[in-house]
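**Student:**
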Amino acid sequence: MKKIAVIMLSILLLFSVVSCSKSSKEATSSTNEKNVTLTFQIWDINQKAGMEAMCASYTALHPNVKIEVQVTNWSEYWTKLEASATGSQIPDIFWMHTNEILKYADNGILADLSDIVEKDKFSEISLANASGSNGKLYGVPKDKDTVCLVYNKEMFDKAGVSYPDENWTWDDLTNASASIYKATGKYGYMAYADDQLGYWNFVYQAGGYILNEDKTQAGFTQSATQKAMKFYIGLQREDWCPTQTYFAETAPGDAFFSEKGAMYFEGSWNLLAELENYPEMVGKWDVAVLPKCPDPIVGDGRATISNGLSYSAGAKNKNLEVIKDVLKFFGSQEGQILQGEKGAAIPAYENTEYSWISCFDKYPVDITKVTDMFAYGVQSVNNASRPEWKSKVSDTLLKIYAGEIDIDSGLKQMQKIVDDLSKN
Amino acid sequence: MRQRARMVDVGSRDNKWGLIMVAPTILGLILLNMLPFFQSIYMSLSSTKAFGAYQFCGLDNFVKMFQNSEFWLATWNSVYFCLLTVPVGIFLSLIVAVLLNNKLRGTTVFRAIFFLPMVVAPAAVAMVWKWMFNGQYGIINSLFHTNVAWLTNSNTVLISCAVVAIWSSIGYDAVLLLAGIQNISKSYYEAASLDGASKIKQFFTITIPMVSPTLFVVIIMRLMASLKVYDLIYMMVSESNPALTHAQSLMYLFYRESFIAGNKGYASAIVLWTVLLIGIVTALQFLGQKKWVNYDV
Chain A
1 MKKIAVIMLS ILLLFSVVSC SKSSKEATSS TNEKNVTLTF QIWDINQKAG MEAMCASYTA
61 LHPNVKIEVQ VTNWSEYWTK LEASATGSQI PDIFWMHTNE ILKYADNGIL ADLSDIVEKD
121 KFSEISLANA SGSNGKLYGV PKDKDTVCLV YNKEMFDKAG VSYPDENWTW DDLTNASASI
181 YKATGKYGYM AYADDQLGYW NFVYQAGGYI LNEDKTQAGF TQSATQKAMK FYIGLQREDW
241 CPTQTYFAET APGDAFFSEK GAMYFEGSWN LLAELENYPE MVGKWDVAVL PKCPDPIVGD
301 GRATISNGLS YSAGAKNKNL EVIKDVLKFF GSQEGQILQG EKGAAIPAYE NTEYSWISCF
361 DKYPVDITKV TDMFAYGVQS VNNASRPEWK SKVSDTLLKI YAGEIDIDSG LKQMQKIVDD
421 LSKN
Chain B
1001 MRQRARMVDV GSRDNKWGLI MVAPTILGLI LLNMLPFFQS IYMSLSSTKA FGAYQFCGLD
1061 NFVKMFQNSE FWLATWNSVY FCLLTVPVGI FLSLIVAVLL NNKLRGTTVF RAIFFLPMVV
1121 APAAVAMVWK WMFNGQYGII NSLFHTNVAW LTNSNTVLIS CAVVAIWSSI GYDAVLLLAG
1181 IQNISKSYYE AASLDGASKI KQFFTITIPM VSPTLFVVII MRLMASLKVY DLIYMMVSES
1241 NPALTHAQSL MYLFYRESFI AGNKGYASAI VLWTVLLIGI VTALQFLGQK KWVNYDV
């Protein structure tokens, strides 16, 4: 028995030594003068260079602060972040997405950053994307984006259809698709099951909504929303649009860049990577504004979902003062231009869009169409329970596509899912 | 009797050292397996909120679960996947084991080939098969001149996944069975062939009864693995797949509820149900084994 006790004790001792060494490390790094190494978690490998450029500039000004950029895939990012937040091990700085910010902010995970953001330099949507339910800023606006229409010029030429422009409506979209399919045998507009890059745009163009003003109720059974959803889901019944079974195996982007289809909706954040990754396609495609709803129930028929990321930090971080100084730099004009110049994303800071646009100088695409759409951008839909209803709504949408339920009862189900989860 | 007496003699000293030696493993088991198991039970009785906050709520999660059609569909998917993979998989591995036991030229090469799928990472296996099953340009459709959306049709999706599961498990199971077969004394076969029994007769009357203990273990392991299937289906059936609900196994549902939707309490209830299911199936196996497993060699 004595020996067992000795062994147990030594194990205990070992643990306490380990935990001691850890806490002493934290203690030395909490003072400002000492060297600090901060971790910075992001999910997009394409933006790593831009983020590192910003960090390097900051370190050049403050040699005692080193920032280490870590990339975790989007698919694992939120699992990992939630686990690390639950275990009080959250990274020092991390990207925050509109989908999740309210969940994190409203549960007290995020540090209040209201005092370091130059509020008059960011658009209302950018600030809303970085705010908690209480209106305080829990993130420094990082970038902004829009959804745009990407089209294959060669296929339009072959079918003798004129390129999409500002006057295009939903009818032009379907007519052009039909002509292209008839003339070339290729798919026209590829309408796939997606919210931000899909039906949300149509819903807001028609004057409908996904969540009401105070974010407590869904709008799936509202007439304008229904009109748009029926139009969008119905597109897959056309010959010129692939079905969801096709998209499950072939992402619309892959189909487009292997010249199987003429048009799809793409997020502005992917455009530069696509120009770089498909050099043989450069010159064959271009970007246009989203077609508008010809007969909206409310409004002028124009809308594009405009989302934006922000930089956040944990509320209980011991180095919060240092981190705030870093984030202040990230949110400054200089920091924002740095990420724009590297082509990472469109900076959220007012009048710095040009830095991102200039990355496209060597490519024959009309990239200003993307930034033109900010005039009628709609904030990406979110509330605190968005992570919970997102996958359930998406499952229901897939059931409609699969023909397992009809569209009316599907929309009713979506309404109920979101309403039930959004109540409290 | 003699052996037992000896054990008692030196028992007290040996026991102590034995315990000390296994202490790290036991400690690991308690900390990493037992504790989380009981925590799961507690969590299944709680309503969980984000970031580890939870509140006792009695049987609410179970009531919600048993009323949910998606849950019953996932249960059926898991059972159906078992029915598809276990009988066929075991039968094929038995045949492979018997064939590999023959003195053919290049047996070692064949053994290596059959074992290879076990060495390849499951994610890589799923990626390659996903391409082969692709409805547009998959090799399977062009080989058989068919036009089936193997992975996106709700009727074929689980069958396709089962094919991959069988393919990757045959080698391992066959090696286990082969070890069992090689332990069978040659004299049985010699006696049987002297009596004029055909090879097929020998297979059913000598090989199967003699290898039954190994077969039993293999069946139990395969059943448990099939009921717990997650990685393969997760890799092959993405969340944009319209056949998702017809492919979603209990563990896949658990993953989505727990890590995507964040309902850890509800997800724990699903896990407990799966444990119960596996427990029942395994208990039935142990009851049934008396009828066919032969331990007197």
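Protein chains in written order, with the numbering used here: chain A, 1 to 424; chain B, 1001 to 1297.
All C-beta atoms in this analysis are idealised placements derived from N, C-alpha and C, irrespective of residue type, glycine included.
1. Taking the C-alpha atoms as reference points, what is the distance between Ala1269 of chain B and Gln1202 of chain B?
2. To the nearest angstrom, how far is the alpha carbon of Pro1242 of chain B from that of Ser1187 of chain B?
3. Look at the alpha carbon of Lys153 of chain A and the alpha carbon of Phe256 of chain A, and state the distance between them as a whole number of angstroms.
4. Cα separation between Asn1101 of chain B and Leu1178 of chain B?
5. According to the neighbour-count rule (16 or more other Cβ atoms, all chains shown, within 10 Å of its Cβ), is Thr1205 of chain B buried or exposed?
6. Touch check for the region 304-319 of chain A and the region 126-133 of chain A: three-plus C-beta pairs under 8 angstroms?
7. Cβ atoms of Tyr264 of chain A and Val150 of chain A: under 8 angstroms apart, would you say?
8. In chain B, which residues lie with their C-beta within 7 angstroms of the C-beta of Lys103 of chain A?
9. Which term fits Tyr1042 of chain B, buried or exposed, when burial requires 16 or more other beta carbons within 10 angstroms of its beta carbon?
10. Taking Cβ-Cβ distances shorter than 7 angstroms, what residues in chain B pair up with Gln244 of chain A?
11. Mark Val1237 of chain B as exposed unless 16 or more other C-beta atoms lie within 10 angstroms of its C-beta, in which case mark it buried.
12. Quick one: what does DSSP say Ser1187 of chain B is sitting in, helix, strand or coil?
13. Return helix, strand or coil for Lys292 of chain A, following the three-state DSSP convention.
14. Give me whichever residues DSSP pairs with Phe329 of chain A in a beta bridge.
15. In angstroms, rounded to a whole number, what distance separates the CA positions of Val36 of chain A and Tyr349 of chain A?
16. Taking all protein chains shown into account, do 16 or more other C-beta atoms lie within 10 angstroms of the C-beta of Gln1067 of chain B, making it buried, or fewer, making it exposed?
17. I'd like the span of the beta strand (DSSP E) that includes Glu124 of chain A, first residue to last.
18. Would you report the Cα separation of Thr1107 of chain B and Leu1194 of chain B, rounded to the nearest angstrom?
19. Helix, strand or coil for Met96 of chain A, going by three-state DSSP, please let me know.
20. For the pair the region 283-292 of chain A and the region 378-387 of chain A, tell me if three or more CB-CB distances fall below 8 angstroms.
21. What residues from chain E crowd round Gly1135 of chain B, counting only those whose CB sits closer than 8 angstroms?
22. Could you tell me if Ser177 of chain A is buried or exposed, where buried requires 16 or more neighbouring beta carbons within 10 angstroms of its beta carbon?
23. For the alpha helix (DSSP H) that contains Ile297 of chain A, what are its first and last residues?
24. For Gln205 of chain A versus Gly301 of chain A, is the C-beta spacing smaller than 8 angstroms?
25. Any beta carbon of chain A sitting closer than 8 angstroms to that of Ser1154 of chain B?
26. Here's a check: name, in chain order, each residue in its chain whose Cβ is nearer than 7 angstroms to the Cβ of Ala27 of chain A, leaving out the five neighbours to either side.
27. Identify the continuous alpha helix (DSSP H) that holds Gly377 of chain A and give its terminal residues.
28. Is the separation between the beta-carbon of Tyr199 of chain A and that of Met229 of chain A shorter than 8 angstroms?
29. Answer with yes or no whether the minimum CB distance from Gly1262 of chain B to chain A is below 8 angstroms.
30. Roughly how many whole angstroms lie between the Cα atoms of Lys1199 of chain B and Ser1212 of chain B?
31. Hey, how far is the Cα of Met1034 of chain B from the Cα of Val1125 of chain B?
32. Does the beta carbon of Glu1239 of chain B fall short of 7 angstroms from some heavy atom of the ligand COA?
33. Check Ala262 of chain A in the structure and name its three-state DSSP category.
34. I'd like to know whether the C-beta of Ser1238 of chain B is nearer than 8 angstroms to at least one C-beta of chain A.
35. Reducing DSSP to helix, strand and coil, say where Leu9 of chain A ends up.
**Tutor:** In terms of the structure at hand:
1. For the purposes of this step, residue 1269 of chain B is identified with residue 269 of the second sequence, where counting begins at 1. For the purposes of this step, residue 1202 of chain B is identified with residue 202 of the second sequence, where counting begins at 1. Cα-Cα distance, rounded: 48 angstroms.
2. Numbered from its first residue, the second sequence carries residue 1242 of chain B at position 242. Numbered from its first residue, the second sequence carries residue 1187 of chain B at position 187. Cα to Cα, the separation comes out at about 57 angstroms.
3. Working through the first sequence from its first residue, we reach residue 153 of chain A at position 153. Working through the first sequence from its first residue, we reach residue 256 of chain A at position 256. If I take the Cα positions, the gap works out to 12 angstroms.
4. Here residue 1101 of chain B refers to the residue found at position 101 of the second sequence. Here residue 1178 of chain B refers to the residue found at position 178 of the second sequence. Their backbone Cα atoms lie some 7 angstroms apart in a straight line.
5. Sequence index remark: in the second sequence, residue 1205 of chain B carries index 205 (1-based). Exposed is the call here.
6. yes
7. Residue numbering aside, residue 150 of chain A sits at position 150 when the first sequence is read from its first letter. Residue numbering aside, residue 264 of chain A sits at position 264 when the first sequence is read from its first letter. Yes, the pair counts as a contact, with Cβ atoms nearer than the cut-off.
8. Numbered from 1 along the first sequence, position 103 holds the residue referred to as residue 103 of chain A. Under the 7 angstroms cutoff, chain B gives Ala1050.
9. Locating residue 1042 of chain B in the second sequence gives position 42, counting from the first residue. Exposed, because fewer than 16 other Cβ atoms sit within 10 Å of the Cβ of Tyr1042 of chain B.
10. Against the first sequence, residue 244 of chain A aligns to sequence position 244. Going along chain B in sequence order, the residues near Gln244 of chain A (Cβ under 7 angstroms) are Pro1242.
11. Taking the first residue of the second sequence as 1, we reach residue 1237 of chain B at position 237. By the 10 Å Cβ count, Val1237 of chain B comes out buried.
12. Counting from one through the second sequence, the residue named residue 1187 of chain B turns up at place 187. Ser1187 of chain B falls in the helix class under three-state DSSP.
13. Translated into the one-based positions of the first sequence, residue 292 of chain A becomes position 292. Looking at Lys292 of chain A - three-state DSSP - the assignment turns out to be strand.
14. Position 329 of the first sequence holds residue 329 of chain A. DSSP lists no partner for Phe329 of chain A.
15. Taking the first residue of the first sequence as position 1, residue 36 of chain A is located at position 36. Taking the first residue of the first sequence as position 1, residue 349 of chain A is located at position 349. Straight-line Cα distance between these residues: approximately 27 angstroms.
16. Walking along the second sequence from the start, residue 1067 of chain B turns up at place 67. It counts as exposed.
17. Against the first sequence, residue 124 of chain A aligns to sequence position 124. Segment 124-129 is the alpha helix (DSSP H) holding Glu124 of chain A; no beta strand (DSSP E) there.
18. Numbered from 1 along the second sequence, position 107 holds the residue referred to as residue 1107 of chain B. Numbered from 1 along the second sequence, position 194 holds the residue referred to as residue 1194 of chain B. Each residue's Cα considered, the two are about 26 angstroms apart.
19. The count along the first sequence starts at 1 and reaches residue 96 of chain A at position 96. Met96 of chain A: strand per DSSP, three-state reduction.
20. no
21. Among the protein chains of the structure shown, namely A and B, there is no chain E.
22. Here residue 177 of chain A corresponds to residue number 177 of the first sequence, with the count starting at 1. Looking at its Cβ environment, which holds 16 or more other Cβ atoms inside 10 Å, Ser177 of chain A is buried.
23. The residue given as residue 297 of chain A occupies position 297 in the first sequence. No alpha helix (DSSP H) contains Ile297 of chain A, which DSSP labels as neither H nor E.
24. Locating residue 205 of chain A in the first sequence gives position 205, where the first residue counts as 1. Locating residue 301 of chain A in the first sequence gives position 301, where the first residue counts as 1. Yes, these two residues count as a Cβ contact at 8 angstroms.
25. By 1-based counting over the second sequence, the position of residue 1154 of chain B is 154. Cβ-Cβ to chain A under 8 angstroms: yes for Ser1154 of chain B.
26. Position 27 of the first sequence, counting from 1, holds the residue named residue 27 of chain A. In this predicted model, Ala27 of chain A has a pLDDT of only 41, less than 50, meaning its place in the structure is not dependable enough to derive any value.
27. Taking the first residue of the first sequence as 1, we reach residue 377 of chain A at position 377. Looking at the DSSP string, Gly377 of chain A is not in any alpha helix (DSSP H); the run it does join, the beta strand (DSSP E), is 377-379.
28. What you label residue 199 of chain A is simply residue 199 of the first sequence in a count that begins at 1. What you label residue 229 of chain A is simply residue 229 of the first sequence in a count that begins at 1. Going by C-beta atoms, Tyr199 of chain A is nearer than 8 angstroms to Met229 of chain A.
29. Taking the first residue of the second sequence as position 1, residue 1262 of chain B is located at position 262. At least one chain A Cβ lies under 8 angstroms of Gly1262 of chain B.
30. Locating residue 1199 of chain B in the second sequence gives position 199, counting from the first residue. Locating residue 1212 of chain B in the second sequence gives position 212, counting from the first residue. Their backbone Cα atoms lie some 18 angstroms apart in a straight line.
31. Translated into positions along the second sequence, residue 1034 of chain B becomes position 34. Translated into positions along the second sequence, residue 1125 of chain B becomes position 125. Each residue's alpha carbon lies about 32 angstroms from the other.
32. The model on display carries no ligand, and the ligand COA is accordingly not part of it.
33. The sequence position of residue 262 of chain A within the first sequence is 262, counting from 1. Correct three-state label for Ala262 of chain A: strand.
34. Indexing the second sequence from 1 puts residue 1238 of chain B at position 238. Closer than 8 angstroms to some Cβ of chain A, the Cβ of Ser1238 of chain B qualifies, so yes.
35. Mapped onto the first sequence, residue 9 of chain A falls at position 9. Legend: pLDDT at Leu9 of chain A = 47, less than 50; position of this residue unreliable, value from coordinates given subsequently. Three-state DSSP puts Leu9 of chain A in a helix.
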